[in-house]
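Visitor: All residue numbers in the sequence shown are consecutive under this note's numbering, ending with 478.
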Amino acid sequence: MLFALLMLPGVGFAYYFESGDEMSLVSAIVVTFIVGLLLFFSFSKQDQNIRKREGYLIVSTSWILMSMFGMLPYLFSGTFTSFSDAIFETISGLTTTGATVLTDIEVTPKGILFWRSMTQWIGGLGIIVLTVAIFPLLGIGGIELFVAESPGPTSDKLHPRIRETAKRLWYVYLGLTITAGLLYFIGGMTFYDAVNHALTTMATGGFSTKNASMAYYTSPFIQYTAILFMFLAGTNFTVIYFGLTGKFERVWKSDEFKAYATVILVFAILLSFPIFHYSDQNYEKAFRDTLFQVVSLITTTGYVTADYTSYHIGLTLVFFMLLFFGGSAGSTSGGIKFVRHLTFVKNSWLEFKRIVHPRAVVPLKINGDRVTGKIITHIMNFLLIYLMIFVLGSIVMALMGYDILTSFGAVATCLGNVGPAIGKVGPMDNFSFFSGPAKIFLSFLMLLGRLELFTILILFTPYFWRAN
């Protein structure tokens, strides 16, 4: 029912611009709301004692159902006529991937285009957290849902009650979205474009109302605004909350935040020199384009201001590697997440010390706290499974008849929820040329990446379905 209500703003834009898609949205709203209402009354008296198993199942099935109902506006309006196109665009939106099968975005009806942006904003922090925050009448604590939904290996709590935590996360999310929209508007965007880009920037989604994405806007003010808010959206929202409340010692204590900011700055500076050399532009523009693309890819936003595949092949490879970073845990970014990379690097470095001093106790610490062996094992397993899925997924795409660069690029960008990649899915391309089965497969990879692999994969294990 909440999902249906979030379609309403698109109706207003459709009427205002007279784009002719208002009834398509209204029909989708009615269908979605009625189904939600029937489900609510059918199951409202059921046992609401949700354990971890039910939490994972609810999150997984909720995202699948949202994807099914979220594609109705596309189908009812005729924007897409095939199931594979509609489900791909919807899942790409909800998972904040930003890969698109639209070949001409600017002719898409305004209401539908707004709904497309809204799907990314909804997926940003997760519809489950939103539901737990706003609907206490459900009568559940929500901790299992939050853990399953949380975009990262840990869920730092701002408040001991999970409902209060969810509310505060959404207040930060909403406040930053409004601020980004105002700055975009001040910078020269129309109100409609500013709202759409604010939604997709804070969601690290990357859907744009322009075919050229952010390259359409040559204003340095707009591009630096996008860089700032992409960076914030890729930051752990608890860190942002502590910064906004004046608890700066908690911000500087975050090893992940320091690593995240340092890596972005180092890559931006180092890559700006060869890009300045290979492009016909002044250094400020070369640095701005470099910083923009580095932040966009690391935070998995996917906006583009330049074609990074048009430079030297070595630079293309470096930009491709950025797809595997991901932002911070507890942010709206996809990808592997910096805290996992940081844990892996620190543990690998300490392993040399353990080899030299086999009897020494050498603990691994993040943010000054000792990381348990269980968490290290979980992170190592995640990295291994992520790599295996990337390799196997690339093989599947190659067997479907696509060249190796395109296969690598499509799987990496969908699994990491980024958007652009390399091959035929570069920053100036889209995904419309893929076959129906390929789009369904890539949609599945997007869900896997958005829900941190285990939330989906655990449903395919016999242990999950065995009785207690």
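Glycine included, C-beta positions come from ideal geometry on N, C-alpha and C.
The structure displayed is predicted, hence computed values, not measured ones.
(1) For Ala278, which residues of its own chain have a beta-carbon under 6 Å away from its beta-carbon, when the five flanking residues on both sides are left out?
(2) Can you tell me which residues form a DSSP beta bridge with Asp299?
(3) Could you compute how far the alpha carbon of Val366 sits from the alpha carbon of Val355?
(4) With the cut-off set at 9 Å, would you say Thr311 and Ala222 are in Cβ contact?
(5) Between Arg476 and the rest of its own chain, which residues show a CB-CB distance below 7 Å, the 5 nearest in sequence each way excluded?
(6) Whose C-beta lies closer than 8 Å to the C-beta of Thr13 among residues of the same chain, with five residues either side of it excluded?
(7) Leaving aside the five residues before and after Pro146 along the sequence, list all residues of the same chain whose C-beta is less than 8 Å from its C-beta, in chain order.
(8) What do you get for Leu32, buried or exposed, if any count of 16 or more other CB atoms within 10 angstroms of its CB means buried?
(9) Helix, strand or coil for Ile60? Go by DSSP, reduced to three states.
(10) For Asp379, does the three-state DSSP call read helix, strand or coil?
(11) So, Ala109 versus Leu82, is the Cβ gap smaller than 9 Å?
(12) Quick check on the DSSP output: the alpha helix (DSSP H) that includes Ser338 runs from which residue to which?
(13) For Val314, which three-state DSSP category applies?
(14) Any idea if Ala96 is buried or exposed, counting beta-carbon neighbours within 10 angstroms, 16 or more meaning buried?
(15) If you run the structure through DSSP and keep just helix, strand and coil, what is Ile150?
(16) Could you check whether the segment 226-238 touches the segment 117-133, counting it as contact only if at least three pairs of C-beta atoms, one from each stretch, sit closer than 8 Å?
(17) Determine whether the beta carbon atoms of Phe329 and Tyr318 lie at a separation below 9 Å.
(18) Since Ser282 is in the alpha helix (DSSP H), which residue starts that stretch and which ends it?
(19) Could you give the DSSP three-state label for Leu352: helix, strand or coil?
Guide: With the given structure in hand:
(1) If we look at Ala278 and ignore the five residues flanking it on each side, its Cβ neighbours are Thr300, Leu301 and Val304.
(2) Per DSSP, none; premise fails for Asp299.
(3) So the two alpha carbons sit approximately 18 Å from each other.
(4) No, Cβ-Cβ distance for Thr311 and Ala222 is not below 9 Å.
(5) For Arg476, there are no CB contacts under 7 Å within the same chain when 5 residues up- and downstream are skipped.
(6) Here residue 13 turns out to be Phe, not Thr, going by the sequence shown. Contacts found: Thr42, Gly46, Met76, Phe79, Gly80, Ile132 and Ile137.
(7) For Pro146, the predicted structure reports a pLDDT of 42, less than 50, and the residue's modelled location is therefore unreliable. A value from the coordinates is still provided. These residues qualify, in order along the chain: Arg173.
(8) It should be pointed out that residue 32 corresponds to Glu in this sequence rather than to Leu. Around the CB of Glu32, 16 or more other CB atoms lie within 10 Å, so the residue is classed as buried.
(9) Look at Ile60 here: in three-state DSSP terms it is coil, with no helix or strand label.
(10) In the three-state reduction of the DSSP assignment, Asp379 falls in the strand class.
(11) Judged by beta-carbon spacing, Leu82 lies beyond the 9 Å limit of Ala109, meaning their Cβ atoms are not closer than that value.
(12) DSSP places Ser338 in no alpha helix (DSSP H); its state is neither H nor E.
(13) Reduced to three states, the DSSP call for Val314 is coil.
(14) When all chains shown are included, Ala96 counts as buried.
(15) Model confidence at Ile150 stands at a pLDDT of 40, short of 50, so the residue's coordinates are unreliable; what they give is reported in the following sentence. If DSSP states are grouped into helix, strand and coil, Ile150 belongs with coil.
(16) Inter-segment contact for the segment 226-238 and the segment 117-133 is absent: fewer than three beta-carbon pairs are separated by less than 8 Å.
(17) Yes, the Cβ-Cβ distance between Phe329 and Tyr318 is below 9 Å.
(18) Asp265 to Tyr288 is the extent of the alpha helix (DSSP H) around Ser282.
(19) Correct three-state label for Leu352: helix.
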